[in-house]
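Asks:
Residue numbers (my numbering), protein chains in the order written: chain A, 295 to 390; chain B, 107 to 228.
(1) Taking the continuous alpha helix (DSSP H) assigned at residue 376/A, which residues delimit it?
(2) Would a check of beta-carbon distances place residue 379/A closer than 9 Å to chain B?
(3) Counting only runs that start and end within the segment 141-203 of chain B, where is the alpha helix (DSSP H) found for 4 or more residues in a row?
(4) Between the C-alpha atoms of residue 152/B and residue 120/B, what's the straight-line distance to the nearest angstrom?
(5) In the DSSP assignment, find the unbroken beta strand (DSSP E) run with residue 388/A in it and report its ends.
(6) Need the endpoints of the beta strand (DSSP E) that residue 350/A sits in, please.
(7) Here's the rule I'm using: 16 or more other beta-carbon atoms within 10 Å means buried, otherwise exposed. How should residue 166/B be labelled?
(8) Residue 227/B bridges to which residues according to DSSP?
(9) Look up residue 323/A in the DSSP assignment and give the residues it is bridged to.
(10) Run down chain A in chain order and give the residues with a C-beta less than 7 Å from the C-beta of residue 227/B.
(11) How about residue 128/B and residue 118/B: are their beta carbons less than 9 Å apart?
(12) Between the beta-carbon of residue 149/B and the beta-carbon of residue 182/B, is there less than 9 Å?
(13) Can you look up residue 370/A in the DSSP assignment and give me helix, strand or coil?
(14) For the beta strand (DSSP E) that contains residue 208/B, what are its first and last residues?
(15) 9 Å is my cut-off, CB to CB: does residue 216/B come that close to chain A?
(16) So, for residue 177/B: in the same chain, excluding its five sequence neighbours on each side, which residues have a beta-carbon less than 7 Å away from its beta-carbon?
(17) Can we count residue 195/B as close to the ligand NAP, meaning its CB is less than 8 Å from some heavy atom?
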């Protein structure tokens, strides 16, 4: 189980490489510039949905970006949720 | 002291001269080798370009990263792994690389990463 923290916009090589690497047991957490990939109907969102990993978005960064009203509550997590993810995933991999 | 059985992977995914990150990853790898930390390298995505044979970076005032990487077997770098799909996408084969590397196919990538205790991404 790997926690992939994806902090790069959807057009980046980080985004591409992260999605190519993440597996079904993993979680991808979007933060920073990464949150834009969750925009419903975007190409990036389609790619994320096709990826077997579980998707989460850091709420404070989604709020800052103006995405909060556009995203499903079920994928949003706060800082405590971030800490909880780091506890359940033995490995973390930063994409930036 | 850290448990010597811990397995660590450095993931290099930047082109060689576009930023200082590629060089930083090589420095990290060499430092880990110097401190006898068991460390493998994975060249992923654009990172495969770091291994391209025939680099000549003197003209742009940089050290030749390819030459530095070619010396990795002298340090305690256990194995060098290369993203097979990225290599193909650039029209390259292992014959174009400065050192012997093991190809990793996309389907095997996630299992490979899950086998390490620590992942360093540069």
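Glycine included, every Cβ here is placed at the ideal spot set by N, Cα and C.
Remember, predicted model here, so these are calculated numbers, not experimental data.
Replies: Let's see:
(1) That run of the alpha helix (DSSP H) goes 373-382.
(2) Not an interface residue.
(3) Counting whole runs of 4 or more residues, the segment 141-203 of chain B contains the alpha helix (DSSP H) stretches 171-176 and 190-195.
(4) Straight across, the Cα-Cα distance linking residue 152/B with residue 120/B is about 5 Å.
(5) Counting along the chain, the beta strand (DSSP E) containing residue 388/A begins and ends at 385-389.
(6) It spans 348-352 - the beta strand (DSSP E) in which residue 350/A sits, taken as one unbroken run.
(7) By the 16-neighbour rule on beta-carbons within 10 angstroms, residue 166/B is exposed.
(8) The partner list for residue 227/B (beta bridge, DSSP) reads 117/B.
(9) For residue 323/A, DSSP records a beta bridge to 299/A and 350/A.
(10) Near residue 227/B (Cβ distances below 7 Å), the residues of chain A are 387, 388 and 389.
(11) Cβ atoms of residue 128/B and residue 118/B: closer than 9 Å.
(12) No, these two residues do not count as a Cβ contact at 9 Å.
(13) Note: residue 370/A maps to strand in three-state DSSP.
(14) Note, residue 208/B: beta strand (DSSP E), 208-210.
(15) Yes, its Cβ sits closer than 9 Å to a Cβ of chain A.
(16) Annotation for residue 177/B: no residue places its beta carbon closer than 7 Å to its own, counting only its chain and skipping 5 residues before and after.
(17) This structure simply doesn't include the ligand NAP, nor any ligand for that matter.
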